[in-house]
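Residue numbering for the sequence shown follows the numbering used here, beginning at 8 and increasing consecutively. Yeah, the Cβ is synthetic: ideal placement off N, Cα and C, and Gly gets one too.
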Amino acid sequence: MYKMSMMPMFTAEAIHECVEAMAGQIRRNYEFDVVVGILTGSFIFVSDLCRYFPRQDLQIKFIKASSYCDEMRPGELEVSGLDLKELAGKRVLLIDDILDTGRTLKCLSEKIRAAGAAAVKTCALLDKPSRREVEFQADFTGFKIEDKFVVGYGLDYAGEYRTFPDIWSLEEE
Ligand code: 5GP
Ligand code: MG
């Protein structure tokens, strides 16, 4: 069994400061046509972040990515919910909640490039660099954390905890 840590790892206030700083960094460094959020964990991060880009023409899309059930092709992802051809010619900002092994953002950004996107840059609120299994760095990251399992602010454990405003680590009881 798991329980929440005594104190949040990041309070809602600290998260919002971080999101605002990331938005500034993105705005200064990248012009993009479409935001693609990776479901489900990134839904709150995407909704907070994209309000710092109040542009009439900015498109918001979501994609579902699940590990491919084929042991011969580790790291392959099955994508659903978005036809990647819609991104052809577009400059894409691809957003996930957390960067862990690196497989999701690496594989998805490659697929989006292969589908003909004009540019792809990646963004994750949280980054666990010690867990990386493939060589990958996101273009924009918020908090670097150690190898702990975190929930809240959209992130779940078995579908639970997503609506907690703070980010908490889970510890074994
Ligand atoms: P990667 O492909 O980089 O290993 O994994 C990224 C995905 O793993 C994230 O989108 C997220 O769904 C899940 N993940 C990795 N670490 C955590 C964590 O600490 N907490 C939660 N809730 N999900 C995580
Ligand atoms: Mg995820």
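Non-local C-beta neighbours of A124 in its own chain, meaning closer than 6 Å and more than five positions away in sequence, comprise L94, K97, V99, ordered along the chain.
About 7 Å separates the beta carbons of K135 and L106, which is inside the 8 Å limit, making them a contact pair. Taking the CA atoms as reference points, G44 sits about 30 Å from M8.
The nearest non-hydrogen atom of the ligand MG is less than 6 Å from the C-beta of G48. With three or more CB-CB distances shorter than 8 Å, the region 141 to 153 counts as touching the region 10 to 28. Nearest to D163 by alpha-carbon distance, out of S73, K71, L177, is L177. Distance from the Cα of A72 is smallest, within the candidate group F52, L56, T108, L112, for L112.
DSSP places G44 in the uninterrupted beta strand (DSSP E) bounded by 41 to 46. For M11, the CB contacts under 6 Å within the same chain, skipping 5 residues up- and downstream, are W175 in chain order. In the three-state reduction of the DSSP assignment, G149 falls in the strand class, which pools E and B.
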